Amino acid sequence: MTGSTYIEFDQARTKSMNLIRNNENPVAGLLFITGIHTGLRISDLLSLTFGDLRKDSIIIKEQKTGKTRDIEIHDSIKTAMSYFPDEEYPHSFKAFRSQKNCVMSSRHVNRLIKKYFKGNRISSHSLRKTFGRRVYDMNGKCEEALNYLSEIFNHRDISTTRRYLGIRQEEIKNIYLNL
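Oh and the sequence shown: position 11 is 877 in our numbering, straight run, nothing missing.
Have a look at this one:
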């Protein structure tokens, strides 16, 4: 199997909040929390402002597909945002800036993810896949969850979503293990 894989959700959430609370790398922590709770591609994540993250929901036009998504802001993102006061982080500021005060690149995000989460095949795309696996797991690993994710991810069909999340490969592996 090629491509990136997901990060275990609770591990990602805990590590992200620790990065924020301990002031080790609060912006990276906010990026990770936002990624695993929205399922956005990295290009769309990097376009978000502090104002977007302070709302109850955001409407975003996806850069890759041009399609519009309405996303509810999860309480975990709101909690993380409480560490970013309005006075220091105005609404119009891009939320994910590097220490050089410019919007992070996807390469920089990949380096951060590899720094904070261990694994052979993790990248910025792992945040999106972590979201997908969480939705799938929290909904009893059912076909209905795959239908929702297929729609959210703008996949052609649920078989694409299965492959994307690595579910198909796991099922095939289990066939061999359960003989």
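Cβ coordinates follow ideal geometry from the N, Cα and C atoms, glycine included. The structure presented is a predicted model; accordingly, all values stated were derived computationally and were not measured.
Separation of residue j from residue i, as counted between CA atoms
i       : j       : result
Ala946  : Glu1010 : 30 Å
Met867  : Asn1040 : Because the pLDDT at Met867 is just 43, under 50, the model does not fix this residue reliably, and the value given afterwards should be weighed accordingly. Distance between the alpha carbons of Met867 and Asn1040: 15 Å.
Leu1043 : Ser989  : 28 Å
Phe875  : Lys930  : 25 Å
Leu1045 : Ile1038 : 11 Å
Cys1008 : Glu1017 : 15 Å
Asn967  : Arg994  : 25 Å
Leu896  : Glu890  : 12 Å
Asn1013 : Tyr1030 : 13 Å
Ile1024 : Gln1035 : 14 Å
Val1001 : Thr904  : 11 Å
Ser964  : Arg987  : 23 Å
Arg977  : Ala894  : 11 Å
Pro809  : Lys881  : For the chain, the structure presents residues 867 to 1045; residue 809 sits outside this window and is missing.
Gly1006 : Ile1033 : 13 Å
Met883  : Ile899  : 8 Å
For residue i, the residue or residues it bridges with in DSSP
i      : result
Lys960 : Thr915
Val969 : Arg963
Selection from the options that minimises the alpha carbon distance to residue i
i       : options                           : result
Arg879  : Ile1038, Phe997 and Pro951        : Phe997
Asn1020 : Glu928, Ile873 and Leu911         : Glu928
Ile943  : Ile1038, Gln1035 and Ile886       : Ile886
Ser870  : Ser992, Lys881 and Gln965         : Ser992
Gln877  : Ile908, Ala961, Ile979 and Asp910 : Ile979
Pro951  : Arg920, Gly932, Thr934 and Asp941 : Arg920
Residue i and residue j closer than 7 Å at C-beta
i       : j       : result
Thr1057 : Leu1015 : No answer is possible for residue 1057: it lies beyond the span of the chain, which begins at 867 and ends at 1045.
Glu938  : Ser923  : yes
Leu906  : Val969  : no
Ser972  : Ile925  : no
Gly917  : His957  : yes
Phe983  : Ile873  : yes
Thr915  : Lys960  : yes
* **beta strand (DSSP E) runs contained entirely in the segment 876–954, provided each spans 3 or more residues** => Within the segment 876–954, the complete beta strand (DSSP E) runs of at least 3 residues are 923–927 and 934–938.
* Asked: What runs of the beta strand (DSSP E), each 3 residues or longer, lie entirely inside the segment 960–1035?
  -> Fully enclosed beta strand (DSSP E) runs of no fewer than 3 residues are not present anywhere in the segment 960–1035.
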